[in-house]
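2 protein chains.
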Amino acid sequence: MQHQDQTYEGFSGTIVTNPAHSGPRPGVLVFHSIAWRGPIEMAAAERLAAMGYAAFVADTYGKAPDGPEECRTLMNGLNADRSELRRRIEAALDWMRGAGETNGNHAAIGFCFGGKCVLDLARMGHEDVKAVASFHGLFDKPTWPGAPRFPASVLALHGWDDPLATPEETLALAAELDAAEADWQILAMGGVGHAFTNPGANDKAGGKHYDARATERAWAAAAQHFATTL
Amino acid sequence: MQHQDQTYEGFSGTIVTNPAHSGPRPGVLVFHSIAWRGPIEMAAAERLAAMGYAAFVADTYGKAPDGPEECRTLMNGLNADRSELRRRIEAALDWMRGAGETNGNHAAIGFCFGGKCVLDLARMGHEDVKAVASFHGLFDKPTWPGAPRFPASVLALHGWDDPLATPEETLALAAELDAAEADWQILAMGGVGHAFTNPGANDKAGGKHYDARATERAWAAAAQHFATTL
Numbered sequence: 009m010q011h012q013d014q015t016y017e018g019f020s021g022t023i024v025t026n027p028a029h030s031g032p033r034p035g036v037l038v039f040h041s042i043a044w045r046g047p048i049e050m051a052a053a054e055r056l057a058a059m060g061y062a063a064f065v066a067d068t069y070g071k072a073p074d075g076p077e078e079c080r081t082l083m084n085g086l087n088a089d090r091s092e093l094r095r096r097i098e099a100a101l102d103w104m105r106g107a108g109e110t111n112g113n114h115a116a117i118g119f120c121f122g123g124k125c126v127l128d129l130a131r132m133g134h135e136d137v138k139a140v141a142s143f144h145g146l147f148d149k150p151t152w153p154g155a156p157r158f159p160a161s162v163l164a165l166h167g168w169d170d171p172l173a174t175p176e177e178t179l180a181l182a183a184e185l186d187a188a189e190a191d192w193q194i195l196a197m198g199g200v201g202h203a204f205t206n207p208g209a210n211d212k213a214g215g216k217h218y219d220a221r222a223t224e225r226a227w228a229a230a231a232q233h234f235a236t237t238l
Numbered sequence: 009m010q011h012q013d014q015t016y017e018g019f020s021g022t023i024v025t026n027p028a029h030s031g032p033r034p035g036v037l038v039f040h041s042i043a044w045r046g047p048i049e050m051a052a053a054e055r056l057a058a059m060g061y062a063a064f065v066a067d068t069y070g071k072a073p074d075g076p077e078e079c080r081t082l083m084n085g086l087n088a089d090r091s092e093l094r095r096r097i098e099a100a101l102d103w104m105r106g107a108g109e110t111n112g113n114h115a116a117i118g119f120c121f122g123g124k125c126v127l128d129l130a131r132m133g134h135e136d137v138k139a140v141a142s143f144h145g146l147f148d149k150p151t152w153p154g155a156p157r158f159p160a161s162v163l164a165l166h167g168w169d170d171p172l173a174t175p176e177e178t179l180a181l182a183a184e185l186d187a188a189e190a191d192w193q194i195l196a197m198g199g200v201g202h203a204f205t206n207p208g209a210n211d212k213a214g215g216k217h218y219d220a221r222a223t224e225r226a227w228a229a230a231a232q233h234f235a236t237t238l
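Chains as they are written, first to last, in our numbering: chain A, 9 to 238; chain B, 9 to 238.
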């Protein structure tokens, strides 16, 4: 795969493409977890590029965080200012739109906090965002009002034991997506917690634990989702 | 595909196999909707046979019903006598076990009432039933107690607007499957009602309507489910 680091509006990202597929092709943004963009996001972009997409690992922090404590501070700041988070998500989309790598069809995936980012992207209502896939994302609504209709097809890959996205919040997400007439799917997986794609997650008691089987199921569903919507 | 009609313990079924795949292979039981075994069940069996499975379209009525009214009477009788329904589901499994067509790994799919049948099959706890997939199935528990542990991997393909399986019943199914330590997945699809695989269903107001996109999504998920569990 071909990697190219980019800077845009004070952020830094990496575009990953498969030289065997010549562009333009659909473009997929990859939004990072609390831990900023790292190996999980890069591996996801490689996987998407292998499927034939142009994958852009985006940044919403605007800097390389100095350890887990700063990660939490930066994430909490954006959770407390969803309009600023919106601006940063849109900056990544705008970069992708202008990069000349895509055919005008865009999508996004994200992990944990990044799952919230892709749901926020769906809520914005951009017509060129055809699909999003949230991996153990958070479902809480932003402070800004969502578009009356969400054009993006939404897939939430969800561990049923995720303490950060409870059954009640899952029902609320379904109701929100229904109200926005979204085409949506929620894949709920039993015995699966938060952070299930993260091989470093091992807090079973706290509901955050790696699950290889759930990871592959989620990826199979995401691949099918993008194959049929992009 | 090769079709062979069978009779077993007062019931009638059809086994469908692909001559291009020589047996033994995993066997998948197909349980019918209220309308008894018909074109949807036969098409499902053909699809499963094309995937390399031995598919057996089972019968739980014990006779060819004489029109929709008798279908409802027969189904209601079994809904009111879940132990008798259990006996009939097990009769189909026993036929499959003895047919010499399978490698000892069994699974089941079912539509509507048949979805209830496959969930009941999971509840029985047979170790050789590795996976079940319910298409717009009903989630109400039987009167007999389920096994302490369900060995079958359960996939419920579920229209979120299905009036016969409400969000509350969906949460109850998740809790039941959790309590039985089942490996489970529920794929909830927004804007999708009951009977979504049935091209003849057109009661949008009543929440029973055909949905070609949901049908293909459900089949893709079921194919993935069986490919990874059988």
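Even glycine gets a Cβ: it sits at the ideal position worked out from N, Cα and C.
Taking all protein chains in view, the Cβ of residue 124/B is crowded by 16 or more other Cβ atoms within 10 Å, so the residue is classified as buried.
Taking a Cβ-Cβ cut-off of 7 Å, the neighbours of residue 194/B in chain A comprise 196, given in sequence order. If you look at residue 101/B, you'll find it in the alpha helix (DSSP H) that goes 90 to 106. Taking the Cα positions, residue 41/A is about 11 Å away from residue 146/A. Note on the region 23 to 83 of chain B: whole beta strand (DSSP E) runs with a minimum of 3 residues are 33 to 39 and 62 to 65, in chain order. For residue 159/A, the closest C-alpha among the options 172/A, 130/A and 150/A is that of 130/A.
Look at the beta carbons and you see the region 187 to 200 of chain A touching the region 197 to 204 of chain B: at least three pairs across the two are nearer than 8 Å. Within its own chain, the residues whose Cβ lies closer than 7 Å to the Cβ of residue 237/A, once the five positions on either side in sequence are excluded, are 138, 139 and 161, listed in chain order. The continuous beta strand (DSSP E) containing residue 13/B extends over residues 10 to 16. Residue 110/B carries a strand assignment under DSSP once its states are collapsed to helix, strand and coil. Contacts with chain B at 8 Å (Cβ-Cβ) do not include residue 150/A. When the Cα atoms are used, residue 39/B and residue 126/B turn out to be separated by approximately 7 Å. Of the other Cβ atoms in all chains shown, 16 or more fall within 10 Å of the Cβ of residue 209/B; this residue is therefore buried. By the Cβ test, the region 86 to 103 of chain A is in contact with the region 15 to 34 of chain A, since at least three Cβ pairs between them sit closer than 8 Å. Chain-order list of chain A residues neighbouring residue 182/B: 168, 175, 196 and 198, by C-beta distance under 8 Å. Taking the Cα of residue 156/A as reference, the smallest distance to any Cα among 174/A, 164/A, 135/A and 163/A is reached at 135/A. Collapsing the DSSP output to three states places residue 116/A in a strand. With a beta-carbon spacing of about 17 Å, residue 110/B and residue 52/B fall beyond the 8 Å limit used to define contacts. In the three-state DSSP reduction, residue 126/A falls in the helix class (H, G or I). Residues are counted here when their Cβ sits less than 8 Å from a Cβ of chain A; for the region 27 to 58 of chain B the count is zero. The region 211 to 223 of chain A and the region 63 to 73 of chain B do not touch, with fewer than three beta-carbon pairs separated by less than 8 Å. Shown here, residue 141/B sits in a strand according to DSSP, grouped into three states.
Contact of residue 225/A with chain B is assigned, a C-beta pair being separated by under 8 Å. Non-local C-beta neighbours of residue 225/B in its own chain, meaning closer than 7 Å and more than five positions away in sequence, comprise 197, ordered along the chain.
Membership of residue 222/B in any beta strand (DSSP E) is not indicated; the residue belongs instead to the alpha helix (DSSP H) covering 220 to 237. A straight line joining the alpha-carbon of residue 74/A with that of residue 183/A spans about 38 Å. When 228/A, 235/A, 233/A and 234/A are compared, the shortest CA-CA separation from residue 235/B is found for 228/A. Comparing C-alpha distances from residue 203/A to each of 14/A, 26/A, 168/A and 120/A shows the shortest one belongs to 120/A. Judged by beta-carbon spacing, residue 165/A lies beyond the 8 Å limit of residue 116/A, meaning their Cβ atoms are not closer than that value. Residue contact with chain A for residue 228/B: present (Cβ-Cβ distance below 8 Å to some residue of chain A). The secondary-structure analysis by DSSP pairs residue 195/A across a beta bridge with 165/A and 195/B. The beta carbon of residue 219/A does not come within 8 Å of any beta carbon belonging to chain B, so the residue lies off that interface. The C-alpha of residue 33/A lies about 54 Å from the C-alpha of residue 95/B. One alpha carbon belongs to residue 104/B, the other to residue 45/B, and they sit about 17 Å apart. Following the DSSP letters along the chain, one finds residue 175/A inside the alpha helix (DSSP H) bounded by residues 175 to 187.
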